[in-house]
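What follows is a short report on a single structure.
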């Protein structure tokens, strides 16, 4: 049902293959975010077309609406949504802290009021596992405590220690054999706390490990320092998932430091806001310079959008408030991310990852203040 | 470049074939409305997937934004939008009356202020032809005067007479040989005025004729009475286009009265509002009865949405405000309309149109106050 193997190494970068009950995932892989059971502005058919392999859904949103039992009744995420490839759900641990109103946090769990309608809920490791078992994703996450940064060291330390205890409770409560449960390492940007958290999680022998608690307000050099540290501490034969990251540059830097899986709202959210990713940096389609521009978003891109739509057309539709713009730009940004990772994986397989990394970063910085070629 | 032929007759219903520089259209055909150069919430690829043959764009909207010259510069509608099949543009005559602010109408044309930003524009037959030549659709419409109904007979008569004079000016100003210019018959619901308008337009020898000025507030029986009258007065060897109509029942009733082409915002607009068309009538997806309904919108439908999404899922996404819902429901409604017309055409070819008409209307009325099966 499940397996993971690293096929090729290039330095610390890994080309791997993850098998799940709903299909294989070549790593490193990027997971589009399908918060409420859909990736915004695109359909499962679009996801297939851009080469998505695995999609993330948010436990917090789905337990509130439409409810995890309803999703279970309608076939789990696979049957309910029509994306029948692999799914991963987060545990709700991060979003209950960032989105819910009136939260109280204690050793038992988090009591909160829904941001939708104020209904009171309790989310504990046991309840999170129950929700995720109902949602039926292939990979589920341990319920963790993720503090926003910056935070005092004692807060970060306490959260990391609680995350370890909650990981153990998650493991005991999680009983579906057709789901893999990953543990999440916390500890902020403190090397000692990170080491302790990693060792404690590894001792619990999860089939995969996430680096949580980053991209939450810390400085970028700290992010990559922690990822490099995790690379040395997490088992090499298990997938490493860097949660909530990142830009294209972040992706290659994290792959260079041993990461296999990513999720981030950046490509999708930015698309809806008219910001397109290209190999030479980002462009904001509203800019008047694109009004008559007949070129596709990225002239080097072979996605469905770049082969049919000009910057001028996308700009027109975006300014006109047309949903079609959001779809076309989301398709491009997702393809850009996914194709970047496909190419990155190939460079690892061919033994030229460092060249790829250098070329990619040089191309990105060639137009650091907005793209134009 | 262009031709039209009626292949099979069934009573007054016609199965025909229209050839344009950008492809063939089997009639009767329904044109999805791509107001500002995109059909809302779907992409050209979706349009191909549901079997759209020809798409309508609105001159009024496009001349205001992004401007007809810009569209021309970027390849006309075909190149600009990525829909490279046939396009039809309306003349702006209807929408300048229904949408613009501070309009003054005289024999020359219409002076108005844009609903977007208040800029003053003038739309005359000559300007409308210039805009439509820039937009580059395959079929363009004469610039007409379309009064809202009800209106006093003298207003309707004056508008019809002016429409005849403006049709002549449109013909003289229209110089692109790779576009067919259709004339539009007016006259409200008055039989005498309609007859006069039809004879005057037919005398100008257009390659196709539209019945304008209906579905603008008149009683439904009057609509079909006028269509039947037009059937007797318009040439049989030229396409007849009923503008702005209608419901599925309207379509079959109009085909029974000799109509070949339709456009209407109903399937697309209603989709975005959560109303789905099925062979047993419409359903409103917000309704609590669909909360756990595992069935597709129409269990008899083979569209991409019905083969992958349940009512429960669409309801969830719609209530969550997800764009994906608008896309999935628009795909279904468009497929429903287009497939209904494909089946209707086939029934004409097979000599069983009246049976088809009867079955279709019976199925629709079987659940007149909301569908449920």
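Protein chains in written order, with the numbering used here: chain A, 154 to 526; chain B, 154 to 526.
Each residue gets a CB set at the ideal place from its N, CA and C atoms; glycine is no exception.
Being a predicted model, the structure only gives us computed values, none of them experimental.
Around the C-beta of residue i, are 16 or more other C-beta atoms found within 10 angstroms, so that it is buried, or is it exposed?
i                      : result
residue 453 of chain A : exposed
residue 287 of chain B : buried
residue 291 of chain A : buried
residue 281 of chain A : buried
residue 178 of chain B : buried
residue 376 of chain A : buried
residue 158 of chain B : exposed
residue 392 of chain A : buried
residue 345 of chain B : exposed
residue 493 of chain A : buried
residue 354 of chain A : buried
residue 196 of chain A : buried
residue 167 of chain A : buried
residue 270 of chain A : exposed
residue 347 of chain B : buried
From the DSSP output, in three-state form, read off residue i for me.
i                      : result
residue 293 of chain B : strand
residue 428 of chain B : strand
residue 484 of chain A : helix
residue 519 of chain A : coil
residue 510 of chain A : helix
residue 358 of chain A : coil
residue 161 of chain B : strand
residue 501 of chain B : helix
residue 416 of chain A : strand
residue 319 of chain A : helix
residue 251 of chain A : helix
residue 434 of chain B : strand
residue 176 of chain A : strand
residue 350 of chain A : helix
residue 265 of chain B : strand
residue 526 of chain B : Bear in mind that the predicted position of residue 526 of chain B carries a pLDDT of just 47, short of 50, making it unreliable; the figure below should be weighed with that in mind. Reduced to three states, the DSSP call for residue 526 of chain B is coil.
residue 335 of chain B : strand
residue 312 of chain B : helix
Quick one, which of the options has its alpha-carbon nearest residue i's?
i                      : options                       : result
residue 440 of chain B : B:340, B:372, B:337 and B:471 : B:471
residue 214 of chain B : B:310, B:248 and B:507        : B:248
residue 289 of chain B : B:174, B:411 and B:218        : B:174
residue 455 of chain A : A:212, A:487, A:438 and A:424 : A:487
residue 183 of chain B : B:351, B:432, B:219 and B:401 : B:401
residue 156 of chain A : A:221, A:254 and A:331        : A:331
residue 117 of chain A : B:336, B:225 and B:445        : This structure cannot settle anything about residue 117 of chain A, because the visible part of chain A is limited to 154 through 526.
residue 337 of chain B : B:343, B:212, B:297 and B:384 : B:297
residue 236 of chain B : B:244, B:220 and B:210        : B:210
residue 463 of chain A : B:234, B:303, B:256 and B:352 : B:234
residue 200 of chain B : B:339, B:335, B:238 and B:226 : B:238
In angstroms with no decimal places, state the Cα-to-Cα distance between residue i and residue j.
i                      : j                      : result
residue 426 of chain B : residue 479 of chain B : 8 Å
residue 265 of chain A : residue 259 of chain A : 12 Å
residue 154 of chain B : residue 172 of chain B : 7 Å
residue 277 of chain B : residue 319 of chain B : 8 Å
residue 510 of chain A : residue 406 of chain A : 8 Å
residue 526 of chain A : residue 516 of chain A : Any reading at residue 526 of chain A must be qualified, since the residue scores a pLDDT of 47, below 50, and its modelled position is unreliable; the value itself is stated next. Residue 526 of chain A and residue 516 of chain A: Cα-Cα distance of roughly 11 Å.
residue 496 of chain A : residue 481 of chain A : 22 Å
residue 370 of chain B : residue 467 of chain B : 32 Å
residue 205 of chain A : residue 421 of chain A : 13 Å
residue 333 of chain A : residue 361 of chain A : 8 Å
residue 469 of chain A : residue 186 of chain B : 17 Å
residue 501 of chain B : residue 279 of chain B : 39 Å
residue 431 of chain B : residue 450 of chain B : 7 Å
residue 457 of chain A : residue 485 of chain A : 7 Å
residue 305 of chain B : residue 198 of chain B : 46 Å
residue 398 of chain A : residue 241 of chain A : 15 Å
residue 164 of chain B : residue 191 of chain A : 48 Å
residue 411 of chain A : residue 380 of chain A : 8 Å
residue 221 of chain A : residue 342 of chain A : 34 Å
residue 447 of chain A : residue 325 of chain B : 33 Å
For residue i, would you say it is in contact with chain E, using Cβ-to-Cβ distances shorter than 7 Å as the test?
i                      : result
residue 467 of chain A : Included in the structure are the protein chains A and B, with no chain E among them.
Between the region 427-452 of chain A and chain B, which residues of the former have a C-beta closer than 8 Å to a C-beta of the latter? 444, 445 and 447
Residues of the region 170-204 of chain A with Cβ closer than 8 Å to any Cβ of chain B, in chain order: 189, 190, 191, 192, 193, 194, 195, 196, 197 and 198
Report the residues of the region 211-229 of chain B with a CB closer than 7 Å to any CB of chain A, ordered along the chain. 218, 219, 223, 226 and 227
Contact residues within the region 233-249 of chain B, judged by C-beta distance below 8 Å to chain A: 233, 234 and 235
Contact set between the region 272-297 of chain B and chain A, restricted to residues whose Cβ is under 7 Å from the partner: none
Residues of the region 486-507 of chain B with Cβ closer than 9 Å to any Cβ of chain A, in chain order: none
Compile a chain-ordered list of the residues in the region 396-424 of chain A whose CB is closer than 7 Å to at least one CB of chain B. none
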